[in-house]
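Novice: Protein chains in written order, with this note's numbering: chain S, 3 to 329; chain C, 3 to 329; chain A, 407 to 733; chain W, 407 to 733. Please read through the structure below; I'll follow up with questions.
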Ligand SMILES: Cc1ncc(C[n+]2csc(CCOP(=O)(O)OP(=O)(O)O)c2C)c(N)n1
Ligand SMILES: Cc1ncc(C[n+]2csc(CCOP(=O)(O)OP(=O)(O)O)c2C)c(N)n1
Ligand SMILES: [Mg+2]
Ligand SMILES: [Mg+2]
């Protein structure tokens, strides 16, 4: 494992900051201060582990809506995320045109996500094709939920990547549910990684609550991709610890006991334990980072709340590239 | 093998009749007497072998455009096929509304095929769902070309069948090309049967020029399906001995040598040899059936040529089920 | 008569039809235990079981394609597309398959199915949870397209749709699901598909609308009545086939026509209504046929000031009515 | 100036653009060695290699989706859909992704790509090789929709499309591929997207058409000239965005408008043109705005008498012109 103590603590910090930001979003929704939130709680270890295995800012990323922690690893700030939650002007993903968590961050090579699931995996394959055509050594990483692998577009994206031996990694974040549907209603194989054998690329399943294991398998996939050996399909197993979104009520389809059971494997706690075992993290350090995170979230919230809304007329542009000011 | 001599000769006869009808269609096109033909030459053994493994007229079929021999096994006559070639009134698939070989034959539980590939596999899965919901012991068989398994709709159809354990058999007729594209441009696995492992159902590859082997593997799949054990994916390997269609010129993408090489495995000859070895077929019998087939095709052609064209006004109906006369 | 919301009327219709006909079944994402994300199917799985209230895999093409197959087999599927914005993956199945099956088979195969989808904006859904997609389907013979504007029609039209022997697209105004309440008589009744309805008589101008916009038009018409302008409001209800008789009769009476719809103006459904009036009532027109619709930007943005800029409301509609009345 | 066919002009444009810009590449089914089923890409693979003339898997969603990703990355994909009838599997990628990428990302990501597709009937293609699908796309801001009617425009417009920073749908009248010949100057020129063109001056009535129907309209206008009726013919060329200026100017001059298109009448593209005229030139109209289009049956049938019943031709068009002139 080539991760320094500094890097590991940075990864922990990213995970912690994403978690506290995410929790604050739920609180804001309960207080009626925001209209919508969709959460990454439970999947952050997989996201941070994966993000640190690529060359952030150099490689390209097509994330999905739960990838808040991945986005923060790529440089998205709590303030920027909260601008999105509140639909404020200058929100970096879409200028507040899209719902929260429909990520895009040009400065970090993160391409725009929309709502229809799996559509973006094809874009990721296309970016990888462009990279290959230009003979560059960048790679692309794209994530999706396990249920969404039932979409034909996902299959077609992986098929393209496998046929053309593209530098891309498909990460499936298997959080056990697609809104209310368990994985058995989405596929007849035990793991979405099993789909790899039918498409002609390597498939790996990894414990998505273990940040370091995820880092390792993604790193292996990254070097394969970068050296021209082609794509890899990785399933990171985790559990969605929250309802699907702020519009969902998960009590209709799963028991509290089941959810509580999985809270034992909360990736934040798991990561804490690991780093404590490695003596990288002390109780004192944990508390220090904790209060630092809370302060950062408080500040982001205050700043976002003070930020203006877009002008109504902003909605008129840019329909066509010719209208883009900075382009 | 539970096939009697009579049945085997009947299967041979079906194969022969389909071949001579198919060849006549090519001749008619060369003579400018018909506008279009798409051929099953090279794939007839797989089609007849599969058709005889189901309860014809009881089970349901969603074929594809090369399934002329399968259709004849299900009762389509050379005359009916030629009505379609000529766009004549009373053509059973579509009343001459569709192009030739867009099969449908209600009396034989064969549902209407359209041109967009793979669309019909979803219909086949839906029929299998209906059968299961009604607790019947019918099964569904549906075929497609190997290239078309690249379509998301094909993946979604097999996925449904696997998840819901439906009584259906997916037959992929791998004839080595999708128009001009070899299989390597369509998938990164050596056989489309390999796709089964990623979807959670059994996958089998069989020599599609061997009528009896195909009969066997399909029979096994049929009993699995009928006894509620679920779907099977079968790839029957053959070679497209003709251009893609009468609009195609295959010299631009494959050599004459390659094609001639495969003529050695012409399923008609292979089947002849097998039945001769079994002493079911003598030289005399072959000649007798040969002239009987030619006579049947001549008669069909004469009758079809004499048949009227539809009235222009027939094109106005039936847009909606309310307009259907016999319904 | 009990008063109920539009979504309750939808659920009641489904309940009664499931009760009435064992061939009827419901299929879609999260329609089971979750009862649908808008609660339109709540309780149905407990009453009719998981075999008749099917949680589908996350793939719209399969929901519709499997539905088509089941319908061909004689079942009566009611497919739910979670948001109309996600109907595009099923587009090939709807346009090329469901719509053309009856015609292409000369009436031998028909597709008695319903596709329900919540549509429309003003609910903070951003680009992909606000779309009004009707115009993509109202140019396709073989389909019927229905949009209810109140609970009474929602129940009566949906029951007619379930019994209709053709594929019926049933778009439900989701903003009105709980906002629009109305009396719904106990027990059995249906509302015929294919008939528009004069929902408010008036002499000064005719306004044509459907779904949520019809609800707003009635409100605006009320406002204008206070100003001495008598607006006739026509609820189109069935968008395809078009009830030109009712539409032209109203224009002949008032001499002025305004078409209101919330989708993009250019190429929207209102274009057909305006064109039909311009051709069919030319000599009766005292003013240009006007259209009031959404602006020509890709879709409705999320942030409230932007959404309000895009979305029509009673005030904007009243202004357009005044304007035309004054012509 | 050399005379050439429309399809040769298309190929020449592709050749010159591939030559000019290393980012340009061609992707589609059978576009390589086969040179496309209509021969529009013949020879390009020999000149530019298999990396820039890519035989795609048989899946339209992936052709467009991968194209979008490559375009985002800075490439200039020219995607070919083999027949416009097969564009629906890519519908989600075109409508939800390509069209909305610029707007939803506030202009940060744009999609400079072309989607070429042969369209139209009268070639014995039946329901699925004859469709005129433009109306499915001409209601979607963010897209540009272009239809050339002659070789000069085909080359000039296609070169503009390849250089356009937005997604451009380029529908080619396949019946005219070899039928329509015209002079094409040597070397570099482009024809601007967004401008309709008065292709024949006349004072008695205005006829609006595009693609193959424009070709027929010119022929019909010639016939009527012999009868002393001077028809002004406007070639719309770009269907979206709509060039209302040119359209209204012509109607103001003649006072009569006929819109001709080969798709189904109801909900077809002509509805928008008729509606725009009815609203924008009300006081100038001496007659109702007429539309001449295909009948409202699902699609064009195969058998010749049926196809002729559906398909427009110069005689039917001339009759409609006479009729309107006599109003
Ligand atoms: C094409 C499409 N259909 C339906 C939806 C509605 N929807 C949003 S998320 C979701 C479930 C996704 O489940 P999964 O892929 O497992 O991802 P998770 O949310 O569990 O992370 C559904 C059905 C959608 N966004 N897009
Ligand atoms: C959706 C769609 N795209 C493209 C086509 C055009 N097309 C017809 S057959 C064919 C090749 C099919 O190859 P394969 O699946 O291997 O079947 P085969 O013809 O070899 O039997 C193509 C591209 C089509 N019919 N439908
Ligand atoms: Mg999930
Ligand atoms: Mg093939």
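Yeah, the Cβ is synthetic: ideal placement off N, Cα and C, and Gly gets one too.
#1: What residues in its chain sit with their C-beta under 6 Å from that of residue 114(S), if we drop five residues either side in the sequence?
#2: Are residue 600(W) and residue 644(W) touching if we call contact CB-CB under 9 Å?
#3: Following a CB-centred definition, is residue 472(A) positioned closer than 8 Å to any heavy atom of ligand 6?
#4: Using a threshold of 9 Å, state whether the C-beta atoms of residue 191(C) and residue 201(S) are closer than that.
#5: Determine the direct distance from the alpha carbon of residue 523(A) to that of residue 326(C), and round the result to whole angstroms.
#6: If you follow the alpha helix (DSSP H) that residue 100(S) is in, where does it begin and where does it stop?
#7: For residue 263(C), count neighbouring C-beta atoms within 10 Å of its own C-beta (all shown protein chains included) and say buried if the count is 16 or more, exposed if not.
#8: What residue from 312(S), 294(S), 38(S) and 139(S) has the CA that sits closest to residue 57(S)'s CA?
#9: Taking 8 Å as the cut-off, is the beta-carbon of residue 175(C) closer than that to any non-hydrogen atom of ligand 4?
#10: Taking a Cβ distance cut-off of 7 Å, strictly less, list which residues of the region 458-478 of chain W are near chain S, in chain order.
#11: Would residue 338(C) and residue 143(C) qualify as a contact pair, given that the criterion is a beta-carbon distance under 9 Å?
#12: Just how far apart, CA to CA, sit residue 215(C) and residue 238(C)?
#13: Find the residues of chain A that neighbour residue 161(C), judging by a C-beta separation of less than 8 Å, and give them in chain order.
#14: Find the residues of chain A that neighbour residue 314(S), judging by a C-beta separation of less than 7 Å, and give them in chain order.
#15: Roughly how many whole angstroms lie between the Cα atoms of residue 696(W) and residue 602(A)?
#16: Is the beta carbon of residue 87(S) within less than 8 Å of some heavy atom of ligand 2?
#17: Determine the burial state of residue 271(S): buried for a count of at least 16 other Cβ atoms within 10 Å of its Cβ, exposed for fewer.
#18: Please go through the same chain and pick out, in chain order, the residues whose beta-carbon is closer than 7 Å to the beta-carbon of residue 673(A), but skip the five residues on each side of it.
#19: CA-CA distance, residue 329(C) and residue 669(W)?
#20: To the nearest angstrom, how far is it from the Cα of residue 612(A) to the Cα of residue 661(W)?
#21: Considering only their Cβ atoms, is the gap separating residue 476(A) from residue 185(C) smaller than 9 Å?
#22: If you drop the 5 nearest sequence neighbours on each side, which residues of the same chain put their C-beta closer than 7 Å to that of residue 709(A)?
#23: List, in chain order, every chain C residue whose beta-carbon is nearer than 8 Å to that of residue 200(S).
#24: Taking 8 Å as the cut-off, is the C-beta of residue 149(S) nearer than that to any heavy atom in ligand 1?
#25: Decide yes or no for the touch test of the region 146-160 of chain C against the region 174-184 of chain C: beta carbon pairs closer than 8 Å, at least 3 of them.
#26: Can you give the Cα-Cα distance for residue 651(A) and residue 503(A), rounded to whole angstroms?
#27: Which of helix, strand or coil does DSSP assign to residue 175(S)?
#28: By Cβ distance, which residues of its chain are closer than 6 Å to residue 481(W), with the 5 residues on each side in sequence left out?
#29: As a quick exercise: from 283(S), 92(S) and 27(S), pick the residue whose alpha carbon is nearest that of residue 316(S).
#30: For a minimum of 4 consecutive residues, which ranges assigned as the alpha helix (DSSP H) are wholly contained in the region 119-172 of chain S?
#31: Tell me whether the beta-carbon of residue 416(W) lies closer than 9 Å to the beta-carbon of residue 459(W).
#32: What whole-angstrom Cβ distance do residue 168(S) and residue 195(S) have, given they're in contact under 8 Å?
#33: Does any residue of chain S bring its CB to less than 9 Å from the CB of residue 7(C)?
#34: Thinking just about the alpha-carbon of each residue, which of 18(S), 33(S) and 266(S) is nearest to the one in residue 74(S)?
#35: Leaving out five residues on either side along the sequence, give the residues of the same chain with a beta carbon under 6 Å from the beta carbon of residue 67(S).
#36: Compute the Euclidean distance between the alpha carbons of residue 312(C) and residue 282(C), then round it to the nearest angstrom.
Specialist: In terms of the structure at hand:
#1: 106
#2: yes
#3: Inclusion of ligand 6 in the displayed structure is not the case, the ligand content consisting of ligand 1, ligand 2, ligand 3 and ligand 4 alone.
#4: yes
#5: 28 Å
#6: Looking at the DSSP string, residue 100(S) is not in any alpha helix (DSSP H), and its letter there is neither H nor E.
#7: exposed
#8: 139(S)
#9: yes
#10: 463, 465, 467, 468, 471, 472, 473, 474, 475, 476 and 478
#11: As shown, chain C starts at 3 and ends at 329. That puts residue 338(C) outside it, with no answer to give.
#12: 10 Å
#13: 463, 465 and 468
#14: 711, 712, 714 and 715
#15: 24 Å
#16: no
#17: exposed
#18: 541
#19: With a pLDDT of only 43 at residue 329(C), under 50, the local geometry of the prediction cannot be trusted, and no value is derived from it.
#20: 25 Å
#21: no
#22: none
#23: 191, 196, 197, 198, 199, 200 and 201
#24: yes
#25: yes
#26: 30 Å
#27: strand
#28: 429
#29: 92(S)
#30: 121-135 and 154-165
#31: no
#32: Contact doesn't hold; Cβ gap of about 18 Å is too wide.
#33: no
#34: 18(S)
#35: 40 and 103
#36: 44 Å
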